[in-house]
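Chemist: In case it helps, the numbering used here puts the sequence shown at residues 436 to 749. Note that CB positions come from ideal geometry on N, CA and C, so glycine has one too. Just so we're clear, the structure is a prediction, and the values are computed from it rather than from any experiment. Quick one: the structure is below, questions incoming.
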Amino acid sequence: MLQTSLHPMLNVAIKAARAAGALINRASLDLEALRINTKSPNDFVTEVDHACEGVIIETLLGAYPDHGILAEESGRTHGNKNSDYVWIIDPLDGTTNFIHGFPVYCVSIALAFRGKIEQAVVYDPTRNDLFYATKGRGAFLNDKRLRVSKRTRMSDALIGTGFPFRRGDNFKRYVKMFEEVMQQCAGLRRPGAAALDLCYVAAGYYDAFFETGLQPWDVAAGSLIVSEAGGLIGNFTGEADYLHQREVLAGNPKIYAQLVSILAPYTRVIKEEDLAAPAAPAVAAEAPAAAAPVAKKRAPVRIKKDETGLDSPI
436 MLQTSLHPML NVAIKAARAA GALINRASLD LEALRINTKS PNDFVTEVDH
486 ACEGVIIETL LGAYPDHGIL AEESGRTHGN KNSDYVWIID PLDGTTNFIH
536 GFPVYCVSIA LAFRGKIEQA VVYDPTRNDL FYATKGRGAF LNDKRLRVSK
586 RTRMSDALIG TGFPFRRGDN FKRYVKMFEE VMQQCAGLRR PGAAALDLCY
636 VAAGYYDAFF ETGLQPWDVA AGSLIVSEAG GLIGNFTGEA DYLHQREVLA
686 GNPKIYAQLV SILAPYTRVI KEEDLAAPAA PAVAAEAPAA AAPVAKKRAP
736 VRIKKDETGL DSPI
């Protein structure tokens, strides 16, 4: 890989991702010494997550002190909250895998300019695999150009997914999706790191990927890598509004289209009546949109932008 040929901002992101990867690899040699905290049931954070996030933010703001930051562990507390440039960071995607010694986890860094992702890096430190993309310049794994798969039939497709695991997730809804997809494809896989899953779609290892309950830092970098590899990414209804909708579908164009027809009934895209309604308990909030009685069917609407320039998360 010729670093001089890459966009300067992408080079800084790669430097930050490799620095975080080095911390992860060192910590993986002695997992018994890790201090682990629980953010919520089945949702863990370690001292490695915090250390990696710290070195990433230090590297990025060292090069671009006027940029904004949206990070998994520290939110928007760092950087310029009014900047058009916002770095979206997941310092260790796949923390549960990491603390068990299961070698599927990564560092994910994306740069959004006025809400659009323009630079992306996903680094797998266990394999020294560097996925990266600049908008309009293609996607790469190390020095190899990436293209999505060419499979056209669902019966031949290998599809990645992610199981719901947080309290309040609607497991029954997911089981119905799982059942429908499983019966129509060649196989389903769930390694447990969404950023890598999206990169595997870009590389053609998967023909598609879908998951619910994701945050912007889980999908921001992978989304650009998929699209620059010729894939499609959106929500379950096939629209481009996915970053803050807590659902994502990605794939090669043929398999993506077929999955939209399967998953659309399970969409959680925010609708006007949802915005007007009072807040509901977490369990009820995850129920299928079709289950809620509404007086009139209305088209999905985008959420208003917040001070970062990104759509506000729900």
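Inspect the beta-carbon positions of A823 and L593 and report whether they are closer than 8 Å.
Modeler: Because the chain in this structure spans residues 436 to 749, residue 823 falls outside the shown range and cannot be described.
Chemist: Who are the near neighbours of M612 in its chain, counting only those whose CB is closer than 6 Å to its CB and skipping five residues on each side?
Modeler: Indexing the sequence shown from 1 puts residue 612 at position 177. The residues are Y701.
Chemist: So which of L505, K516, Y540 has the shortest CA-CA distance to I524?
Modeler: Start at 1 with the first residue of the sequence shown, and residue 524 comes out as number 89. Measuring from the Cα of I524, the nearest candidate turns out to be L505.
Chemist: In this structure, does DSSP put D501 in helix, strand or coil?
Modeler: Mapped onto the sequence shown, residue 501 falls at position 66. Here D501 sits in coil by DSSP.
Chemist: Taking the alpha-carbon of Y558 as reference, which of E682, A448, H442, A692 has the nearest alpha-carbon?
Modeler: For the purposes of this step, residue 558 is identified with residue 123 of the sequence shown, where counting begins at 1. Comparing Cα-Cα distances from Y558 to each of E682, A448, H442, A692, the minimum goes to A448.
Chemist: Give every residue of the same chain whose Cβ lies closer than 7 Å to the Cβ of R470, excluding the five residues on either side of it in the sequence, and list them in chain order.
Modeler: For the purposes of this step, residue 470 is taken as the residue at position 35 of the sequence shown. Taken in chain order, the residues that qualify are T481, E482.
Chemist: Ignoring anything shorter than 4 residues, give me the alpha helix (DSSP H) runs that lie fully in the region 544 to 586, in order along the chain.
Modeler: Listed in chain order, nothing qualifies, since the region 544 to 586 has no complete alpha helix (DSSP H) run of 4 or more residues.
Chemist: In terms of alpha-carbon separation, which member of M589, F606, S543 lies closest to G597?
Modeler: Here residue 597 corresponds to residue number 162 of the sequence shown, with the count starting at 1. Residue F606 is the option with its Cα nearest to G597.
Chemist: What residues in its chain sit with their C-beta under 6 Å from that of V654, if we drop five residues either side in the sequence?
Modeler: On the sequence shown, residue 654 is found 219 positions in, with the first residue counted as 1. Answer for V654: V683, listed in chain order.
Chemist: Under three-state DSSP, which class holds C487?
Modeler: Locating residue 487 in the sequence shown gives position 52, counting from the first residue. Note: C487 maps to helix in three-state DSSP.
Chemist: So what does G378 bridge to, in DSSP terms?
Modeler: Given a span of 436 to 749 for the chain in the structure shown, any question on residue 378 remains unanswerable.
Chemist: Under a Cβ-count criterion, where at least 16 other Cβ atoms within 10 Å of its own Cβ denotes burial, should P443 be classed as buried or exposed?
Modeler: Working through the sequence shown from its first residue, we reach residue 443 at position 8. Label assigned to P443: exposed.
Chemist: CB L466 to CB I544, shorter than 8 Å?
Modeler: As a working mapping, residue 466 is identified with position 31 in the sequence shown. As a working mapping, residue 544 is identified with position 109 in the sequence shown. Not a contact, by the Cβ cut-off of 8 Å.
Chemist: Please classify R461: is it buried, with 16 or more other beta-carbons within 10 angstroms of its beta-carbon, or exposed?
Modeler: Within the sequence shown, residue 461 is the residue found at index 26, counting from 1. R461 is exposed by the Cβ-count criterion.
Chemist: What is the DSSP secondary structure of D519, reduced to helix, strand or coil?
Modeler: By 1-based counting over the sequence shown, the position of residue 519 is 84. D519 falls in the coil class under three-state DSSP.
Chemist: Residue range of the alpha helix (DSSP H) that F537 falls in?
Modeler: Position 102 of the sequence shown, counting from 1, holds the residue named residue 537. Here F537 belongs to no alpha helix (DSSP H), and DSSP marks it neither H nor E.
Chemist: State yes or no: is the C-beta of L667 within less than 8 Å of the C-beta of P688?
Modeler: Position 232 of the sequence shown holds residue 667. Position 253 of the sequence shown holds residue 688. In this structure, P688 lies closer than 8 Å to L667 by Cβ.
Chemist: So K570 and L694 are in contact, right, with Cβ under 8 Å, and what is the actual spacing, rounded?
Modeler: Within the sequence shown, numbered from 1, the residue matching residue 570 stands at position 135. Within the sequence shown, numbered from 1, the residue matching residue 694 stands at position 259. K570 to L694, Cβ: 24 Å. No contact.
Chemist: For A454 and P560, what's the separation of their Cα atoms in angstroms?
Modeler: Start at 1 with the first residue of the sequence shown, and residue 454 comes out as number 19. Start at 1 with the first residue of the sequence shown, and residue 560 comes out as number 125. Approximately 10 Å between the Cα atoms of the pair.
Chemist: Note down the Cα distance separating Y691 from A468, rounded to an integer number of angstroms.
Modeler: The sequence position of residue 691 within the sequence shown is 256, counting from 1. The sequence position of residue 468 within the sequence shown is 33, counting from 1. Each residue's alpha carbon lies about 43 Å from the other.
Chemist: Measuring CA to CA, which of A699, A664, A656, G665 is closest to E674?
Modeler: Your numbering for residue 674 matches position 239 in the sequence shown. Residue A699 is the option with its Cα nearest to E674.
Chemist: Considering only the alpha carbon of each residue, which of L546, M589, R681 lies closest to P599?
Modeler: Along the sequence shown, read from residue 1 onward, the residue named residue 599 stands at position 164. Cα-wise, what sits closest to P599 is R681.
Chemist: Decide if G497 is buried, meaning its Cβ has at least 16 other Cβ atoms within 10 Å, or exposed.
Modeler: Along the sequence shown, one-based indexing puts residue 497 at 62. With fewer than 16 Cβ atoms within 10 Å of its Cβ, G497 is classed as exposed.
Chemist: Output the distance between the C-alpha atoms of I697 and Q619, rounded to the nearest integer angstrom.
Modeler: As a first step, residue 697 must be located in the sequence shown, where it is residue number 262. As a first step, residue 619 must be located in the sequence shown, where it is residue number 184. Cα to Cα, I697 sits roughly 10 Å from Q619.
Chemist: Given this structure, state the Cα-to-Cα distance separating A643 from H485, to the nearest angstrom.
Modeler: The sequence position of residue 643 within the sequence shown is 208, counting from 1. The sequence position of residue 485 within the sequence shown is 50, counting from 1. Taking the straight line joining both Cα atoms gives about 31 Å.
Chemist: Give the DSSP-derived three-state secondary structure of A675 in the structure shown.
Modeler: Against the sequence shown, residue 675 aligns to sequence position 240. A675 falls in the coil class under three-state DSSP.
Chemist: Taking the beta strand (DSSP E) that L593 belongs to, which residues open and close that run?
Modeler: Against the sequence shown, residue 593 aligns to sequence position 158. L593 -> beta strand (DSSP E) spans 593 to 596.
Chemist: Rounding to the nearest angstrom, what Cα-Cα distance links L649 and G627 in this structure?
Modeler: What you label residue 649 is simply residue 214 of the sequence shown in a count that begins at 1. What you label residue 627 is simply residue 192 of the sequence shown in a count that begins at 1. Each residue's Cα considered, the two are about 12 Å apart.
Chemist: Mapping the DSSP letters down to three states, classify A711 as helix, strand or coil.
Modeler: On the sequence shown, residue 711 is found 276 positions in, with the first residue counted as 1. For A711, the pLDDT reaches just 44, beneath the cut-off of 50, and the residue's location in the model is therefore unreliable, leaving the point undetermined.
Chemist: Using a threshold of 8 Å, state whether the C-beta atoms of A664 and A630 are closer than that.
Modeler: Along the sequence shown, read from residue 1 onward, the residue named residue 664 stands at position 229. Along the sequence shown, read from residue 1 onward, the residue named residue 630 stands at position 195. Against a cut-off of 8 Å, the Cβ pair of A630 and A664 comes out as no contact.
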